[in-house]
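Those letters in the sequence shown? Residues -21 to -1, 1 to 507, by mature numbering (1 follows the signal peptide of the UniProt record, and there is no 0).
C-beta atoms are modelled at their ideal positions from N, C-alpha and C, and glycine is treated no differently.
Computed from a predicted structure; not experimentally measured.
Written out below as structure tokens is the structure these notes cover.
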Amino acid sequence: MKTYKYRLVVFLILLTVLAQAQTFDKKIEEKFKVNSDVEIVINASNMDVDIETWNRNEVSVEAVMEVEGVDKKEAEKILKNWKFEALGNKSKVKITSLSNNIHYEFNHDFDFDFDHDFDFNFDFPEIDVEIPHFEMPEMPEFPEMPEMPEMQEFEFDYQAYKNDSTYLKNYKMRVAEGVEKFKNSNWKKNFDSLRNSPDYKKKMKEFKEAGEKMTKELKESKWFKEIQELQNSEEFKQQMKEARKAAEETRIHLLKNRDKILEQAKMASEARKAAMEELKRMKKDGKLDSLHNYHENKLDSLHNYSENIYFNYSTDKNSKVKIKKYLKIKVPKKATFNLNVRHGKVTIPESNKKISANMSYGDFVGGTITGDKNELNFTNSPVIIGSLISSNITLKNVPNAEFGTFENVNLFSNSSDVVIDEIGMDVALSQKFGNIMVKNIIPLFKTLSLNLDYTKATVPLEKLEANYNLDTNKSRLNIASKDSDFLQNKFMNILKKNETSINGSFSSSVKTNNLIKLKSNFSTINII
């Protein structure tokens, strides 16, 4: 009898696991007859976007959402709540995919950064009380941390990427394996051991007790009592009532305006995504399990952009659901693009018309992007583009930006690592912090502007015939070869006398129309 009960329990557990492991999906397909120069607008989050071009005046949209980790009933609820919309006419097709509503319970402060300013003119009462002086408890002195080992470098071979369709997948696997190796390293184990040591916990306990003491003293202070009296006063309550009334009137006004409704929905979506991303990091770091894991190492999040999955939490702490969303769209070759994607991967093999793209916390893979006056903005998103022409591109905190060729491009890079295979005519590179490497510059490049702040740059100037405008402040110029053509320029005499700061215009030893404008501040420039 006991054996029977045991087998029954095992069977029920296995049945539950199999039910949770099922994948449920929802597929949406749309087609639009359009003009050859149709504008494609995509606003998506937590979604991979694959764009193809073809020789048809038609836009084909295929969207798929997959849910795994819950039973059929729960999956159907999630799929039903998917906010996907594809609308279009001959000149414009707009695709919107918003995040699902996520239910979770935890106490954490989020700093949401919205791009919209709303002035509701609420008159809140002024609080005229003097804040008492109190001393913040000092952080305890912790034991010396072990020295972090050097991380493995993962050089991206752009030529291999162009020749091998599986290279990018294998490259990401190598990065993931490297990070996994780091997580299992002796340094990580020593770090965890130190963090969980009695001495560390004791000091954290002392710090917590000091904070509780400060809070108690603050609550017993005259200032705190004055604040409470103010909150309980009739004047304060009346002004709060008026503020709520003004807020309600504003809400009704917004609801009567469809554009503002969409903007409000976008803001709410951004807030949910920010909360979800923070919750995801907290889960990986163990912050939801215990407070002693508050300083969990976050390096394992660096490689987690290869698969677009996020977690859905409910009041059941053990409830976890994996959700994947894909969008595959085929468009005419002369289509223009306006892309706004967060937490997703975008793949576009070619674009010969204008493209506007804003991406954050995803990754972008592009082939040949030409067109006219392209505007590309990437934040915390690895970027690979085969050829970029007539574009303004902005990078912020991009860990890996790989480009094939640049021509008539303005690059603005902040705290990013950039590699460019070849620079053509009329290129301007502005780099603040991070690294930038240029492998080749064509002989007739006309104008190359380099603006470097706190940057390490590698540029092939040795064999170039060019005139120079230099403005270097406390920067270092390293020259590999003593016999290079670079040394024949007249400013080298000044360089030898003043290796940190050079200012002036200097002519090439041969006649040329090429001009290099180099402005640097606290940077290192390696001339190859």
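Please name the residue in the options whose C-alpha comes closest to that of residue i.
{"i": "D450", "options": "K304, S502, I30", "result": "S502"}
{"i": "D400", "options": "S39, G383, N211", "result": "G383"}
{"i": "T373", "options": "L355, L306, N22", "result": "L355"}
{"i": "G345", "options": "G67, D351, I334", "result": "I334"}
{"i": "D351", "options": "N359, N331, S366", "result": "N331"}
{"i": "I481", "options": "K453, I308, I506, Y433", "result": "K453"}
{"i": "N387", "options": "K375, A407, A314", "result": "A407"}
{"i": "S366", "options": "I507, L66, E213, E329", "result": "E329"}
{"i": "K418", "options": "P311, E441, K148", "result": "E441"}
{"i": "V38", "options": "I495, A65, D4, I402", "result": "A65"}
{"i": "L423", "options": "N169, K411, N446", "result": "N446"}
{"i": "V377", "options": "Q410, N34, D29", "result": "Q410"}
{"i": "residue 522", "options": "I421, P439, Y433", "result": "Within the shown structure, residues of the chain are numbered from -21 to 507, placing residue 522 beyond reach of any answer."}
{"i": "N337", "options": "T349, T347, F316", "result": "F316"}
{"i": "D4", "options": "S487, K51, A380", "result": "K51"}
{"i": "T326", "options": "E31, K12, F11, I19", "result": "E31"}
{"i": "E41", "options": "P439, E8, K224, V362", "result": "E8"}
{"i": "V362", "options": "N211, V397, N393", "result": "V397"}
{"i": "I421", "options": "I402, N142, A226, E53", "result": "I402"}
{"i": "I308", "options": "T2, Q1, V20", "result": "V20"}
{"i": "M404", "options": "N492, I458, G483", "result": "N492"}
{"i": "N414", "options": "K435, L427, T426, L431", "result": "K435"}
{"i": "I57", "options": "K304, L390, S428, N500", "result": "K304"}
{"i": "G67", "options": "R35, N25, F391, V17", "result": "V17"}
{"i": "L77", "options": "V43, N22, I368", "result": "N22"}
{"i": "D27", "options": "T437, S488, N319, D178", "result": "N319"}
By the DSSP assignment, the alpha helix (DSSP H) with residue i in it spans what residues?
{"i": "T349", "result": "Per DSSP, T349 belongs to no alpha helix (DSSP H) and is neither H nor E."}
{"i": "L209", "result": "201 to 210"}
{"i": "A54", "result": "51 to 59"}
{"i": "T194", "result": "177 to 198"}
Quick check on residue i: does DSSP put it in helix, strand or coil?
{"i": "Y150", "result": "helix"}
{"i": "M219", "result": "helix"}
{"i": "K435", "result": "strand"}
{"i": "A314", "result": "coil"}
{"i": "N169", "result": "helix"}
{"i": "V489", "result": "coil"}
{"i": "G413", "result": "strand"}
{"i": "R455", "result": "strand"}
{"i": "L270", "result": "Any answer about L270 is weak, because its pLDDT of 35 lies below 50 and its placement is not dependable; what the coordinates show is given next. In this structure, L270 counts as helix in the three-state DSSP scheme."}
{"i": "N319", "result": "strand"}
{"i": "E213", "result": "helix"}
{"i": "N419", "result": "coil"}
{"i": "N142", "result": "helix"}
{"i": "E37", "result": "strand"}
{"i": "E401", "result": "strand"}
{"i": "F99", "result": "Residue confidence for F99 is low, a pLDDT of 40 falling below 50, so the modelled location carries little weight; the figure read from the coordinates is stated next. Coil at F99, not helix or strand."}
{"i": "S285", "result": "Note on S285: pLDDT 38, under 50, position unreliable in the model; no value is reported."}
Which partner residues does residue i have in the DSSP bridge list?
{"i": "I363", "result": "V344, E381"}
{"i": "K324", "result": "D342"}
{"i": "I74", "result": "I21, A65"}
{"i": "E45", "result": "D4, K303"}
{"i": "L408", "result": "L390, L429"}
{"i": "residue 510", "result": "Here the chain comprises residues numbered -21 to 507, so residue 510 is not present and cannot be evaluated."}
{"i": "F357", "result": "M338, L374"}
{"i": "residue 534", "result": "Residue numbering for the chain in the displayed model covers -21 to 507; residue 534 lies beyond these limits and cannot be assessed."}
{"i": "S395", "result": "G413"}
{"i": "D450", "result": "N482, K498"}
{"i": "S330", "result": "I348"}
If you follow the beta strand (DSSP E) that residue i is in, where does it begin and where does it stop?
{"i": "D4", "result": "2 to 12"}
{"i": "S499", "result": "494 to 500"}
{"i": "T503", "result": "503 to 506"}
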